[in-house]
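Just below is one structure, and these are the notes that go with it.
Protein chains: 2
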Amino acid sequence: MIKVALDAMGGDQAPETTVAGAIRAARELPIEIIMVGQRPAVEQSLAHYPKRPANLSIVHAPDVIGMEESPAVSVRKKRESSIAIGVELLANKQVNAFVSAGNTGAVVAASTLIAGLLPGIERPGIAILCPGLKGDTLLIDVGANINPKPLHLLQYALMGEAYVRWVMGKQRPTIGLLNVGEEESKGTDFIKEAYSLLESSGVNFVGNVEGRDIFSGEFDVIVCDGFAGNVALKTAESIAQTMHQLLKRALSMNLMTRLGAWLAREAFLSFRTEVDYAERGGAPLLGVNGVSIIAHGASSSKAIKNAIRVAYESVRHELNQHMVESIQRHSQHVPSS
Amino acid sequence: MIKVALDAMGGDQAPETTVAGAIRAARELPIEIIMVGQRPAVEQSLAHYPKRPANLSIVHAPDVIGMEESPAVSVRKKRESSIAIGVELLANKQVNAFVSAGNTGAVVAASTLIAGLLPGIERPGIAILCPGLKGDTLLIDVGANINPKPLHLLQYALMGEAYVRWVMGKQRPTIGLLNVGEEESKGTDFIKEAYSLLESSGVNFVGNVEGRDIFSGEFDVIVCDGFAGNVALKTAESIAQTMHQLLKRALSMNLMTRLGAWLAREAFLSFRTEVDYAERGGAPLLGVNGVSIIAHGASSSKAIKNAIRVAYESVRHELNQHMVESIQRHSQHVPSS
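As they're listed, the protein sequences go chains B and Z.
Using our numbering, count along the first sequence one by one with no gaps and you end on 338.
Using our numbering, count along the second sequence one by one with no gaps and you end on 338.
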């Protein structure tokens with residue numbers, strides 16, 4: 002049976018939401034869930050539920066890495082933290098996957114240092130599924146690696162292609178390179194080098210794409226440096242929130258708009274579901290030797306459950322094995338760095 | 002009287018929308034407008050209007066630089082284009098400002114090469130006013146300079162500060178540095194260098210900000226490299242469009258949602274006005290010796306009119322003189338590069 006370790010202490014509302022999410026996942030999925038965290042706190046949250054699912058257990062971790070702590074320092078010093086112990090379970094093959102809504106940098110550092118990377122991969126990348134009118138786009142990297150080499154972007158393309166193909170079931174995914182314009186001549190030297198690597202790599206590279214393409218759904222995978230990806234993702238999140246606020250304010254303008262909003266409530270509910278990141282769950286940290294999933298710090302229990310589902314699907318579809326094969330197959334194209 | 006040259010051929014719907022925008026601006030503002038472009042085409046669009054305002058004239062430019070042409074090449078080769086001739090009017094002090102919704106790269110190149118930069122400025126930056134719940138934020142740079150030095154970000158900060166202070170009338174604007182996290186230790190070497198330059202510069206530097214802060218309105222000015230800024234801006238535009246589409250689709254779901262949407266139509270109109278970039282007009286290309294304003298390629302006549310208004314306000318408040326004074330005042334902090 003597939004085993005998933007969940008960082009019980011990760012996220013703004015942990016362990017309440019992590020426990021709630023774990024219980025939902027334990028009921029819905031044919032997996033074993035190991036909650037890693039401070040046992041008394043986890044037990045206390047679990048006590049709110051009448052019946053603990055049999056496929057849910059606890060591994061005690063006395064320490065917690067805070068959301069604001071330095072990733073490198075905290076992972077080195079807090080070897081007894083829920084993140085370090087959870088990733089150790091992954092490294093020792095005691096679990097198939099690790100899920101955390103905690104300190105993203107710490108999860109990246111621990112996954113890289115303790116679990117290690119897949120053969121042929123130099124740096125991991127955080128992949129986010131972005132909803133668009135024409136479908137979903139996997140954006141890699143949104144912050145694991147803010148100063149990548151061009152070769153890392155090629156590795157993201159190969160891993161992203163494998164993810165979309167094997168986990169999402171789409172044949173021959175299209176790959177775009179995030180740039181400031183579509184023409185091949187655009188961009189920094191870094192981008193131009195990445196362009197030529199991608200072009201000769203054998204992936205289904207469709208050329209440069211722009212910020213506006215991230216949420217259009219026209220491309221299956223978009224690769225970028227972690228700095229630009231992080232800025233784009235956080236900008237998108239805040240725009241979506243701001244628009245919701247503005248719309249809410251406008252709809253409460255007067256009696257008629259309020260009546261209209263009430264009559265149209267079904268539409269707003271459907272709209273909210275479509276743009277709700279919680280529906281999409283966690284972001285895979287691609288390249289780690291073992292499945293490592295990062296969830297949003299503000300994750301609801303539904304988001305935690307869906308992050309666990311993403312972990313489950315990645316393991317079930319043998320994502321890492323496919324990624325390694327893909328990297329090996331393309332290794333003749335990959336110059337040594 | 003303040004004179005503004007308008008690139009009559011710039012934008013997706015030129016010269017219809019540029020002529021319409023120029024007529025609206027000529028009626029509303031105490032300025033002279035010189036439309037630069039192919040005289041027959043401009044005359045033809047003008048013929049739709051019963052009366053041509055007296056403060057509106059035409060300067061013939063036989064060539065047009067297309068939206069997809071290489072900026073560097075087109076500006077060098079097409080010296081008779083509307084962009085080149087318009088910027089030459091600016092360089093020769095025949096006009097106070099130039100406005101274009103045409104090829105952004107060509108406007109940046111022509112402004113830099115033909116009009117030149119202000120003393121102490123090494124590279125110009127495109128500044129965009131981003132609406133937020135708590136106010137507006139000026140984001141610099143969104144694409145003029147995709148590979149800046151840390152010093153350029155300090156220059157953007159000084160210019161942005163002057164813009165917010167003198168054109169928008171806000172004392173002691175706050176300045177943030179776009180990064181992937183708030184802690185001082187975050188970011189690439191480039192960002193860390195920019196951080197320390199900003200910290201010791203005497204501007205009201207409030208530290209690192211994130212993508213989510215661009216549309217929060219909590220900061221007056223955010224500086225960034227043109228690559229990240231361009232990606233953020235285009236992502237924001239597409240998210241806003243996608244959300245509109247999704248909302249529209251949801252509201253047409255059934256009879257009740259359609260009735261609700263109709264009753265609440267006043268709210269949707271107010272919502273659209275708030276997020277409509279056309280209300281905000283053009284983006285100043287800060288650092289040019291003479292006011293140069295870039296409008297969106299998809300500008301409506303209202304957006305063109307508002308871009309002309311931005312030009313007018315910049316000239317009226319003697320923005321460039323204030324920027325030069327600010328640069329000079331801070332020059333003791335600025336290391337030679």
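Built from N, CA and C at the ideal position, the CB exists for glycine as well.
Report the neighbours of residue i on chain Z: residues whose CB is nearer than 7 angstroms to its CB, in chain order.
i	result
Leu-179(B)	Val-232
Asn-148(B)	Thr-189
Glu-211(B)	Lys-235
Ser-197(B)	Within chain Z, no residue comes near Ser-197(B); the closest Cβ sits about 18 angstroms away, beyond 7 angstroms.
Ser-71(B)	Ser-186
Quick one: Cα of residue i to Cα of residue j, how far?
i	j	result
Met-324(B)	Met-2(B)	22 angstroms
Leu-252(Z)	Gly-144(Z)	36 angstroms
Asp-137(B)	Ala-284(B)	13 angstroms
Phe-191(B)	Pro-151(B)	6 angstroms
His-49(Z)	Ile-35(Z)	18 angstroms
Val-181(Z)	Tyr-196(B)	24 angstroms
Val-65(Z)	Asp-13(Z)	13 angstroms
Lys-52(B)	Ser-101(B)	24 angstroms
Gly-11(Z)	Leu-159(B)	40 angstroms
Ala-312(Z)	Leu-130(Z)	14 angstroms
Gly-67(Z)	Ser-239(B)	34 angstroms
Glu-314(B)	Val-43(B)	26 angstroms
Ser-338(B)	Val-210(B)	Caution applies to Ser-338(B), whose pLDDT of 46 falls short of 50 and renders its modelled position unreliable; the value that the coordinates give is listed next. Those two C-alpha atoms are separated by around 26 angstroms.
Ala-9(Z)	Gly-282(Z)	16 angstroms
Val-168(Z)	Leu-139(Z)	12 angstroms
Ser-46(Z)	Ile-24(Z)	11 angstroms
His-245(B)	Leu-134(Z)	11 angstroms
Ser-83(B)	Ala-304(B)	19 angstroms
His-331(B)	Leu-119(Z)	50 angstroms
Gly-103(B)	Ile-294(B)	11 angstroms
Ile-309(Z)	Val-292(Z)	11 angstroms
Ser-271(Z)	Thr-236(B)	23 angstroms
Asn-231(B)	Gly-212(Z)	7 angstroms
Leu-30(Z)	Val-316(Z)	13 angstroms
Leu-155(Z)	Leu-154(B)	30 angstroms
Gly-288(Z)	Asn-321(Z)	8 angstroms
Lys-4(B)	Ala-85(B)	17 angstroms
Lys-79(Z)	Ser-112(Z)	14 angstroms
Residue i touches chain B at which residues, Cβ-Cβ below 8 angstroms?
i	result
Phe-216(Z)	Thr-236, Ser-239, Ile-240, Thr-243
Met-257(Z)	Leu-264, Ala-265, Glu-267
Met-36(Z)	Those within 8 angstroms of Met-36(Z) in chain B number zero; the least Cβ separation is about 27 angstroms.
Starting from residue i, find everything on chain Z with Cβ-Cβ shorter than 9 angstroms and list it in chain order.
i	result
Leu-260(B)	Gly-261, Leu-264, Ala-265
Gln-246(B)	Leu-134
To which residues does DSSP link residue i through a beta bridge?
i	result
Asn-209(Z)	Leu-178(Z)
Gly-136(B)	Gly-133(B)
Asn-150(B)	Sequence check: residue 150(B) is Lys here, not Asn. Paired residues: none, contrary to the question.
CB-CB under 6 angstroms to residue i, same chain, minus the five flanking residues each way: which ones, in chain order?
i	result
Pro-426(Z)	This structure gives no information on residue 426(Z), because the portion of chain Z shown stretches from 2 to 338.
Ile-141(Z)	Gly-126, Ala-128, Tyr-157, Gly-161, Val-224
Ala-6(B)	Ile-35, Val-37, Gly-87, Leu-90, Val-96, Phe-99
Ala-27(B)	Ile-34, Pro-54, Asn-56, Leu-57
Lys-306(B)	Gly-22, Arg-25, Ala-26
Val-204(Z)	Ala-158, Glu-162, Ile-176
Thr-258(Z)	Leu-252
For residue i, collect the residues of the same chain with a Cβ closer than 7 angstroms to its Cβ; drop the 5 residues on either side in sequence, then sort them by chain order.
i	result
Asn-40(Z)	The sequence given here places Arg at residue 40(Z); Asn does not occur at that position. Excluding positions up to five away in sequence, the list reads Ile-59, His-61.
Just the chain B side, please: which residues come within less than 7 angstroms of residue i by C-beta, in chain order?
i	result
Phe-228(Z)	Val-181, Thr-189, Ala-229
Ser-300(Z)	The contacting residues do not exist; Ser-300(Z) stays about 16 angstroms from chain B at best.
Leu-252(Z)	Ala-265, Ala-268
Counting only Cβ pairs nearer than 9 angstroms, list the residues of chain B close to residue i.
i	result
Gly-144(Z)	Val-181, Gly-182
Starting from the C-beta of residue i, find all residues in its chain whose C-beta is less than 8 angstroms away, skip the five residues before and the five after it, and write them out in chain order.
i	result
Val-207(Z)	Thr-175, Ile-176, Gly-177, Phe-220
Closer than 8 angstroms by beta-carbon distance: list the chain Z residues that pair up with residue i, in chain order.
i	result
Ser-271(B)	Ala-251, Met-254
Requested in this report: Check whether the region 227-244 of chain Z touches the region 117-135 of chain Z, counting contact only when three or more Cβ pairs, one atom from each stretch, lie closer than 8 angstroms.
Outcome: Taking one beta carbon from each stretch, the region 227-244 of chain Z and the region 117-135 of chain Z have 3 or more pairs nearer than 8 angstroms; the two touch.
Query - Segment contact flag, the region 250-266 of chain B with the region 257-274 of chain Z, C-beta cutoff 8 angstroms, min 3 pairs - result: Flag = yes, the region 250-266 of chain B and the region 257-274 of chain Z touch.
Query raised in the report: So, do the region 176-186 of chain B and the region 200-211 of chain B have three or more beta carbon pairs nearer to each other than 8 angstroms?
Result: Three or more Cβ pairs drawn from the region 176-186 of chain B and the region 200-211 of chain B lie within less than 8 angstroms of each other, which places the two stretches in contact.
Query raised in the report: Are at least three pairs of beta-carbons, each pair with one atom in the region 315-332 of chain B and one in the region 155-174 of chain B, less than 8 angstroms apart?
Result: Yes, the region 315-332 of chain B touches the region 155-174 of chain B.
Query raised in the report: Taking one C-beta from the region 241-250 of chain Z and one from the region 85-92 of chain Z each time, how about it: are there three or more such pairs within less than 8 angstroms?
Result: Because the criterion of three Cβ pairs below 8 angstroms is not met, the region 241-250 of chain Z and the region 85-92 of chain Z do not touch.
Report task. Specify whether the region 167-179 of chain B and the region 205-221 of chain Z touch according to this definition: at least 3 beta carbon pairs, one from each stretch, less than 8 angstroms apart. Result -> In short, these stretches do not touch, since the Cβ pair count stays below three.
Query raised in the report: Would you call the region 300-318 of chain Z and the region 5-20 of chain Z touching, i.e. three or more CB-CB distances under 8 angstroms?
Result: The region 300-318 of chain Z and the region 5-20 of chain Z touch, with no fewer than 3 CB-CB distances between them shorter than 8 angstroms.
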